[in-house]
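The opening position of the sequence shown corresponds to residue -1 in my numbering, with each subsequent residue numbered one higher.
Glycine is no exception: its CB is placed at the ideal position from the N, C-alpha and C atoms.
Here the structure comes first, spelled out in structure tokens, and everything after it is commentary.
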Amino acid sequence: MNETITQELEQIRRFSRKALTADEVYLFTLTLCDNEIDRDFERFTDEALQQLAPLFEGKTGIFDHDPASKNQSARIFRTWVETDPEKKTSLGTPYVALRARAYMIRTEENKSLIDEIEGGIKKEVSIGCSMKSVRCSVCGSDRRTAGCMHRPGEVYDGKLCHDVLSDAADAYEWSFVAVPAQRAAGVTKSFKKEAVPTGSIIHLIKSADSDLHLSNQQVQALQTKLAALEDAAEDGKAYRAQLLGDIEKYVQLALPQVKGALFAKGCGTMSVAQLKTMRDQLKAQTAAVLPPVVQLRGHNEKSTTDNTPFCI
Ligand SMILES: [Zn+2]
């Protein structure tokens, strides 16, 4: 057993219930993500990769490419950020990747899976993380709250527009999937859904005079908002109908010479606020012409009727 294996087994000891021997574990290296613009037109900043590194330590990954190896898991026990000075990103900056060492317990079931990894079959890593900041690479506007006219994947002034991911909040899980060799390997990300304020998006839509790009999150937030507005509109309709019904009733009581239904119909184009004012005025008028029917009369009050014996 060489020194490196001993050190790694010690690192694994932080996450495993019992001490594992070199024969019991299979160790491998993987790239979790990097600072290149990926196929979703998203890019992690170098700082974000540094922030994600400690967050992924101890996180479990699943191999989901083969039903036979379902639920086989591996765990990351060490992460580091690696800069390749020879390799440049499409933006011309040094290529930086978040790399990880992971272990899995050797079992009969995962033998073929380990052979596959050993055989260097191309793998795609899918990671789940939460980023506090997602900004447009062209203008820097916040994709979640503000949005802008720039569409990721389009070129503006010779530069590919993409979303810049920074300020890592948390890392959740990762999975390892075998992909056909001809397909470009890449990182797919899933972001934790966070509440998106819709006010600024609506303002953006109102002021837009050209194509507008909205993220999935913004579209979902707008759909939720729209559903709530539809509910509110139904409530509003019901309240309007109730106000018109009240107006009709009070007109009949206060102004018997006027046809209530006709009067209410005439109020059809009024705003809710105007209807409410009209209803309140008619209600007051009704109270004036028809004093409340008092059933109780005080004993000191002079009776105007001759049914005194029935007064209580
Ligand atoms: Zn922009």
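Compute the minimum distance between the beta carbon of Val136 and the heavy atoms of ligand 1, and state whether it is under 8 Å. On the sequence shown, residue 136 is found 138 positions in, with the first residue counted as 1. Because some heavy atom of ligand 1 lies under 8 Å away, the Cβ of Val136 counts as near it: yes.
Endpoints, the alpha helix (DSSP H) within which Arg238 is located: Residue numbering aside, residue 238 sits at position 240 when the sequence shown is read from its first letter. From DSSP, the alpha helix (DSSP H) with Arg238 extends over Asn214 to Ala252.
Other residues of its chain near Gln221: CB distance less than 8 Å, five sequence neighbours each side excluded: For the purposes of this step, residue 221 is taken as residue 223 along the sequence shown, with counting starting at 1. Closer than 8 Å at the Cβ level, and outside the excluded window around Gln221, lies no residue.
Taking the alpha carbon of Cys31 as the point to measure from, which residue in Cys159, Arg277, Trp78 and Arg238 has its own alpha carbon closest? Position 33 of the sequence shown, counted from the start, is the residue given in the question as residue 31. Selected option, being the one with the closest Cα: Trp78.
I'd like to check one pair, Val162 with Ser128: are the Cβ atoms closer than 9 Å? As a working mapping, residue 128 is identified with position 130 in the sequence shown. As a working mapping, residue 162 is identified with position 164 in the sequence shown. Result no, Cβ atoms of Ser128 and Val162 do not sit closer than 9 Å.
Could you compute how far the alpha carbon of Leu210 sits from the alpha carbon of Val153? The residue you call residue 210 lines up with position 212 of the sequence shown. The residue you call residue 153 lines up with position 155 of the sequence shown. Taking the straight line from one Cα to the other gives about 15 Å.
Can you tell me where the beta strand (DSSP E) holding Leu30 begins and where it ends? For this step, residue 30 is matched to residue 32 along the sequence shown. Element bounds for Leu30: Val23 to Asp32.
For the alpha helix (DSSP H) containing Leu18, name the first residue and the last one. Taking the first residue of the sequence shown as position 1, residue 18 is located at position 20. Unbroken run through Leu18: none, as it is neither H nor E.
For Ile245, count neighbouring Cβ atoms within 10 angstroms of its own Cβ and tell me buried if that reaches 16, exposed if not. Here residue 245 is taken as the residue at index 247 of the sequence shown, counted from 1. Classification of Ile245: buried, given that the 10 Å Cβ count is 16 or more.
Would you mind working out which of Glu55, Asn33, Leu158 and Ser139 sits nearest Val12, comparing C-alpha positions? The residue you call residue 12 lines up with position 14 of the sequence shown. This sequence places Arg at residue 12; Val is not what is there. Ranking Glu55, Asn33, Leu158 and Ser139 by Cα distance to Arg12 puts Glu55 first.
Look at the alpha carbon of Lys204 and the alpha carbon of Thr143, and state the distance between them as a whole number of angstroms. Taking the sequence shown and counting its residues from 1, one reaches residue 204 at position 206. Taking the sequence shown and counting its residues from 1, one reaches residue 143 at position 145. Looking at the two C-alpha atoms, the distance is approximately 15 Å.
Would you kindly check if the distance between the Cβ of Arg277 and the Cβ of Leu241 is under 9 Å? Looking up residue 241 in the sequence shown gives position 243. Looking up residue 277 in the sequence shown gives position 279. Against a cut-off of 9 Å, the Cβ pair of Arg277 and Leu241 comes out as a contact.
Measure the CB-CB distance between Leu47 and Val123 and report whether it falls below 9 Å. Position 49 of the sequence shown, counted from the first residue, corresponds to residue 47. Position 125 of the sequence shown, counted from the first residue, corresponds to residue 123. Not closer than 9 Å, so no.
Any idea if Pro83 is buried or exposed, counting beta-carbon neighbours within 10 angstroms, 16 or more meaning buried? Translated into positions along the sequence shown, residue 83 becomes position 85. Answer is exposed; the Cβ neighbour count stays below 16.
With a Cβ-Cβ cutoff of 9 Å, do Ile115 and Phe26 count as a contact? On the sequence shown, position 117 is the one that residue 115 refers to. On the sequence shown, position 28 is the one that residue 26 refers to. Yes, the Cβ-Cβ distance between Ile115 and Phe26 is below 9 Å.
Per DSSP, cross-strand counterpart(s) of Ser208: The sequence position of residue 208 within the sequence shown is 210, counting from 1. In DSSP, Ser208 forms no bridge with anything.
Tell me the DSSP secondary structure of Ala167 in three-state form. Translated into positions along the sequence shown, residue 167 becomes position 169. Three-state result, Ala167: strand.
Helix, strand or coil for Asp38 per DSSP? Numbered from its first residue, the sequence shown carries residue 38 at position 40. DSSP places Asp38 in coil when its eight states are reduced to three.
Roughly how far, in whole angstroms, is the beta-carbon of Ala51 from the beta-carbon of Leu96, given that I think they are within contact range, below 8 Å? In the sequence shown, counting from the first residue as 1, residue 51 sits at position 53. In the sequence shown, counting from the first residue as 1, residue 96 sits at position 98. Indeed, because the Cβ distance is near 6 Å, the residues count as touching under 8 Å.
Quick one: complete beta strand (DSSP E) runs, 3+ long, within the region 100 to 169? 121 to 134
How about His148: is its Cβ closer than 8 Å to a heavy atom in ligand 1? The count along the sequence shown starts at 1 and reaches residue 148 at position 150. Within the cutoff, so yes.
When we look at the beta-carbon of Glu40 and count the other beta-carbons within 10 Å, is it buried (16 or more) or exposed? Position 42 of the sequence shown, counted from the start, is the residue given in the question as residue 40. The residue is buried, with at least 16 neighbouring Cβ atoms inside 10 Å.
Can we count Ser14 as close to ligand 1, meaning its CB is less than 8 Å from some heavy atom? Within the sequence shown, numbered from 1, the residue matching residue 14 stands at position 16. No - ligand 1 has no heavy atom lying nearer than 8 Å to the Cβ of Ser14.
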